[in-house]
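Working notes, structure below.
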Amino acid sequence: MYSYRHTLVAICVFFVASVSRGEQLSVAVASNFTATMRQLGAEFEKESGHNLNVSYGSSGKFYAQIIHGAPFQVFLSADQTKPEALITAGFVAPENRVTYAVGALALWSSKSGLVDGNGEILRSGSFDKLALANPLLAPYGAAALDVLRYLSIEESTRRSWVKGENIAQTYQFVSTGNADLGFVALSQIMDNGQLKSGSAWIVPPELYRAIKQDAVLLKTAKDSAAAKEFMAFLISDKAKTIIRSFGYGVVE
1214 MYSYRHTLVA
1224 ICVFFVASVS
1234 RGEQLSVAVA
1244 SNFTATMRQL
1254 GAEFEKESGH
1264 NLNVSYGSSG
1274 KFYAQIIHGA
1284 PFQVFLSADQ
1294 TKPEALITAG
1304 FVAPENRVTY
1314 AVGALALWSS
1324 KSGLVDGNGE
1334 ILRSGSFDKL
1344 ALANPLLAPY
1354 GAAALDVLRY
1364 LSIEESTRRS
1374 WVKGENIAQT
1384 YQFVSTGNAD
1394 LGFVALSQIM
1404 DNGQLKSGSA
1414 WIVPPELYRA
1424 IKQDAVLLKT
1434 AKDSAAAKEF
1444 MAFLISDKAK
1454 TIIRSFGYGV
1464 VE
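Just so we're aligned, residue 1214 is where the sequence shown starts under the numbering used here, counting upward by one.
The structure is reproduced here in structure tokens:
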């Protein structure tokens, strides 16, 4: 009986300690990373006991919200520019920044056979609407503009542009047929290395600026154990395996 009681007490103490250690963590995530983050978040919650409150959207809008006091604790940007700006503005300590993923760009259509493997359709002009994320707000949009400039077709295609607020909206334009084709994140259209639907050109990385994506722990979360654990988890081997499976590169 003595042993049973002590065992029961130990179990109860462990349970209470486990529940009490869990925190609620508010995370802002660039929309291109939505599917990946959902899997990462589920794995982190299972391992840590913490709960994530995740918001998805434009990196540019999240930056503006953070500057104006939005209560996010961790920010996963789609670029390095906005995390750097937050460091300069004093919202993030320089050591609380990591590169968690390297994005890849693709030209995609929901129609099979429309986009060829070399992207020649862009030069031919045999399309009506070309979707791209707003280059002023979204890193994938800036990368798309790099490609158009490299191919010397920025001006000739401009009348066909349909600009999304972020890469998620850009993908929606193409998937619904409101744009014939568009520049999207490779992670949005691939599953285990296979194109999920439609036709695509995986844009050679030398045609656009590297899409390195940085995460930062904001100073408002400097005393948060959950925030520190999540930042460490992002660059763990387990997280890198998940990130690669969605078509991203990682920094070793």
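Heads up, the beta-carbon is just placed ideally off N, CA and C, and yes, glycines get one too. Since the model is a prediction, treat every value here as computed from it, not as a measurement.
According to the neighbour-count rule (16 or more other Cβ atoms, all chains shown, within 10 Å of its Cβ), is residue i buried or exposed?
{"i": "I1380", "result": "buried"}
{"i": "R1310", "result": "buried"}
{"i": "H1263", "result": "buried"}
{"i": "T1249", "result": "buried"}
{"i": "L1265", "result": "buried"}
{"i": "S1365", "result": "exposed"}
{"i": "S1437", "result": "buried"}
{"i": "Y1461", "result": "buried"}
{"i": "P1210", "result": "Lying before the first or after the last residue shown, residue 1210 is absent from the chain, which here runs from 1214 to 1465."}
{"i": "S1244", "result": "buried"}
Under 7 Å Cβ to Cβ from residue i, same chain only, skipping five residues before and after it: list those, please.
{"i": "R1457", "result": "V1463"}
{"i": "G1235", "result": "G1262, H1263, N1264"}
{"i": "W1321", "result": "V1328, V1387, L1394, G1395, V1397, I1402, G1411, A1413"}
{"i": "A1440", "result": "L1238, Q1286, V1287, L1430, A1434"}
{"i": "W1374", "result": "L1343, L1345"}
{"i": "L1361", "result": "E1367, T1370"}
{"i": "T1247", "result": "Y1269, A1381"}
With respect to the beta strand (DSSP E) encompassing residue i, which residues constitute its N-terminal and C-terminal limits?
{"i": "V1315", "result": "1305-1316"}
{"i": "D1436", "result": "First-last for D1436: undefined, no H or E at that position."}
{"i": "V1242", "result": "1237-1243"}
{"i": "A1344", "result": "1343-1346"}
{"i": "K1376", "result": "1374-1377"}
If I follow the unbroken alpha helix (DSSP H) through residue i, where does it start and stop?
{"i": "G1492", "result": "Because the chain is modelled from 1214 through 1465, residue 1492 falls outside the range shown and cannot be assessed."}
{"i": "A1291", "result": "First-last for A1291: undefined, no H or E at that position."}
{"i": "A1283", "result": "Note, A1283: premise wrong, no alpha helix (DSSP H); not H, not E."}
{"i": "L1335", "result": "1333-1337"}
{"i": "K1451", "result": "1450-1458"}
{"i": "K1259", "result": "1247-1261"}
{"i": "G1354", "result": "1352-1363"}
{"i": "S1369", "result": "1367-1370"}
Apart from the five residues on each side of it in sequence, which residues of its chain come closer than 6 Å, Cβ to Cβ, to residue i?
{"i": "S1388", "result": "S1323"}
{"i": "I1348", "result": "Here residue 1348 turns out to be Pro, not Ile, going by the sequence shown. Contacts found: G1354, A1355, L1358."}
Going by beta-carbon coordinates alone, are residue i and residue j separated by less than 9 Å?
{"i": "L1345", "j": "G1377", "result": "yes"}
{"i": "S1394", "j": "L1299", "result": "The amino acid at residue 1394 is misidentified as Ser; the sequence shows Leu. Not a contact, by the Cβ cut-off of 9 Å."}
{"i": "A1356", "j": "R1422", "result": "yes"}
{"i": "L1327", "j": "S1412", "result": "yes"}
{"i": "V1429", "j": "S1290", "result": "yes"}
{"i": "A1277", "j": "A1241", "result": "no"}
{"i": "D1427", "j": "Q1293", "result": "yes"}
{"i": "Y1353", "j": "L1408", "result": "no"}
{"i": "F1304", "j": "I1334", "result": "no"}
{"i": "Y1363", "j": "L1399", "result": "no"}
Contact criterion: CB-CB distance below 9 Å. Does residue i meet it with respect to chain C?
{"i": "L1320", "result": "Given the protein chain composition of this structure (a single chain), no chain C is represented."}
Might you give, ordered along the chain, the residues of its own chain that have their beta carbon closer than 8 Å to the beta carbon of residue i, omitting 5 neighbours on each side?
{"i": "L1350", "result": "S1271, S1272, G1273, K1274, E1378, N1379"}
Every unbroken beta strand (DSSP E) within the segment 1382-1434, with a cutoff of 3 residues, ordered by chain: The qualifying runs are 1394-1398, 1412-1415, 1424-1431.
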